[in-house]
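Structure record follows, encoded as C-alpha cells.
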Amino acid sequence: MKKKLLLITTRKDMMVLYLEELIKIFEGYLEIFSCCLQEKNPEEIILEEADIVLVTSPYTFFLGRNRMKATSKVINLNFTFKKEKIEELKKLPVNTDVIACFDFSSSSHQAAFTLQEAGVDNLNIFPYYSGNPNLENKEIETAIISEYATEIPSKIKYIIDLGRRKISFATILDIVIKSNILDEVIEERIYNYFKDTAIPNGYLSYFYDGSSVVKMQLNTIINCIDYGIMILDNEYNIVNFNKKFIELFNLRGDITNFNLNELEISNEIKKIILENFSIKDQLFEIKEFQKRILLSKEKNK
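All letters in the sequence shown, in the order written, are residues 472 to 772 by the working numbering.
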C-alpha cells in the first residue's frame with residue numbers, strides 16, 4: 472500500500488508549484504494530496520490518514536497536530552533554486568548588500584540561509600520584513616525575489632529574480648527516508664531533478680556528482696564516520712553497515728540481510744550484542760581476536 476503524503480501550504484500558487492515538483496519525483500510511489508490555507512480552514516483539512524505531512528511553514532504544524540496519526544511524520548518543506556541562478560549571484564561584487572523579498576518573513580529567512588548554504592558568500596543577504604532591526608539606516612538598492620514579491624521597498628533600484636522555487640535536497644531526502652521508497656527509479660528521478668538544481672555547497676563534490684543516488688542515504692553518512700557501525704533490526708538481521716565495520720572484523724562482501732549469528736565475527740562480540748539492551752562506550756577485551764574494542768549499542772525506539 473502506498474503511503475499518503477499531504478502537502479499544506481499557505482498560498483494556492485505555492486501549493487500548485489510544490490505539487491508539480493513532488494509529482495516529478497514521487498508519482499506512482501506516494502499518494503500525494505494537497506491543500507492551502509487560503510481556501511480551507513485548518514479544521515477542514517483531512518489529516519487523519521496522512522502518513523507524511525509536508526508543511527511550508529513551521530507554524531502550520533501546530534494547526535492540526537492533535538488530529539494526525541501518532542505515526543505521522545511531519546516534514547518542513549525547504550526550497551532552493553536553479554544552479555544557474557545561484558552562479559549569477561556569485562558574480563556580484565563582494566560585500567554587496569541585498570535584501571531577500573519573499574511572501575513571508577519565514578520564507579525570506581529561509582531564502583537567505585539557502586543562498587549562503589549554496590555558497591553565495593560574496594553577498595550580505597538581509598531577510599526583508601517589517602521591523603527588521605538589521606535594516607535600520609541601511610541604503611540597500613538590490614532585492615532578490617522568486618518570480619514575484621508581495622512587497623518591495625521603494626528605494627530598491629535593482630531586482631534579481633531567482634525564478635521558480637525548487638524543493639530542497641534535504642526535503643527530498645527526508646521524504647525518501649521516511650517513506651522508505653528508494654529504488655532505481657527513484658534514484659534516477661532524484662539524480663535528474665538535481666542536475667540543474669542547487670544543493671548545499673560541497674554536497675555535489677562530496678558524494679553526489681556521477682555517483683549512485685543511493686549514497687544520499689544512510690551509507691553516505693555512516694561511511695564518513697571513523698568507527699565501525701552495524702545497524703540491526705529487531706530480529707538481529709543486518710540493515711546497514713559501514714566500511715570501517717568490515718575492515719575491523721576482516722569481513723568480505725555485502726553482509727546486508729545476514730543475521731548476526733551468521734557473521735564470521737567473534738562469538739564473544741555476538742554474545743555482548745545479544746545480551747545487552749544498551750551499551751555506552753564500554754571497553755571489552757576480545758580474547759578470540761586479541762583485541763580491545765570500545766562498544767556502544769543503542770535501541771531505536
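Every residue gets a Cβ at the ideal spot worked out from N, C-alpha and C, and that includes glycine.
Query                                                                                                        : Result
Spatially closest choice to E520 from Y489, S543, F575, D484, by CA coordinates                              : S543
Simplified DSSP state of L560, which is helix, strand or coil                                                : helix
Buried versus exposed, by CB contacts within 10 Å (16 or more), E735                                         : exposed
Backbone CA spacing between F550 and E607 [nearest angstrom]                                                 : 28 Å
Secondary structure, alpha helix (DSSP H): runs of 4+ residues fully inside the segment 688 to 757           : 689 to 693, 714 to 719, 738 to 746
Length of the line joining the Cα atoms of N663 and I757                                                     : 48 Å
Under the three-state DSSP convention, the category Y599 falls into                                          : coil
Same chain, Cβ closer than 8 Å to N614, neighbours up to 5 away in sequence not counted                      : Looking at the sequence itself, residue 614 is Ala, so the reference to Asn does not match. Result list for A614: V569, I570, A571, C572, Y599, A620, I623, P624, I627, Y629, I630, I631, in chain order.
L548 and F504 closer than 8 Å at C-beta                                                                      : no
Residues that DSSP places opposite A541 in a beta bridge                                                     : Its beta-bridge partners do not exist; DSSP assigns none.
Exposed unless 16 or more other CB atoms sit within 10 angstroms - verdict on L493                           : buried
Run of the alpha helix (DSSP H) containing L488, from where it starts to where it stops                      : 483 to 497
Segment limits, alpha helix (DSSP H) that includes I516                                                      : Careful: I516 lies outside any alpha helix (DSSP H) and carries neither H nor E.
Residue from I670, T480, N708 whose Cα sits closest to the Cα of E733                                        : N708
N713 versus D704: straight-line alpha-carbon distance, rounded                                               : 16 Å
Contacting residues, own chain, Cβ-Cβ under 8 Å from E502 (five flanking each side not counted)              : K473, K474, K475, L476
Within 8 Å, strictly: CB atoms of A488 and R636                                                              : First, the amino acid is wrong: residue 488 is Leu here, not Ala. In this structure, R636 lies closer than 8 Å to L488 by Cβ.
Pairwise C-alpha distance: I648 and K762                                                                     : 36 Å
For F435, the three-state DSSP class (helix, strand or coil)                                                 : Here the chain covers residues 472 to 772 and nothing more, so residue 435 does not appear.
Where S578 falls: helix, strand or coil (DSSP)                                                               : helix
Inter-residue spacing [alpha-carbon to alpha-carbon] between L754 and L765                                   : 4 Å
Expected contact under 8 Å - CB spacing of I557 and A589 to nearest Å                                        : 5 Å
Neighbourhood of F640 by C-beta, 6 Å cutoff - its chain only, sequence neighbours within 5 removed           : I670
Selected residue, minimal CA-CA separation from I643, among L490, K511, P529, I611                           : L490
Status (buried if at least 16 other CB within 10 Å, exposed otherwise) for Y500                              : buried
Per DSSP, cross-strand counterpart(s) of I570                                                                : F597, A614
Proximity below 8 Å, CB of D667 to CB of K562                                                                : no
Own chain, CB closer than 8 Å to E759, minus 5 neighbours either side, in chain order                        : S737, N738, E739
D725 classed as buried or exposed, judged by whether at least 16 other C-beta atoms fall within 10 angstroms : exposed
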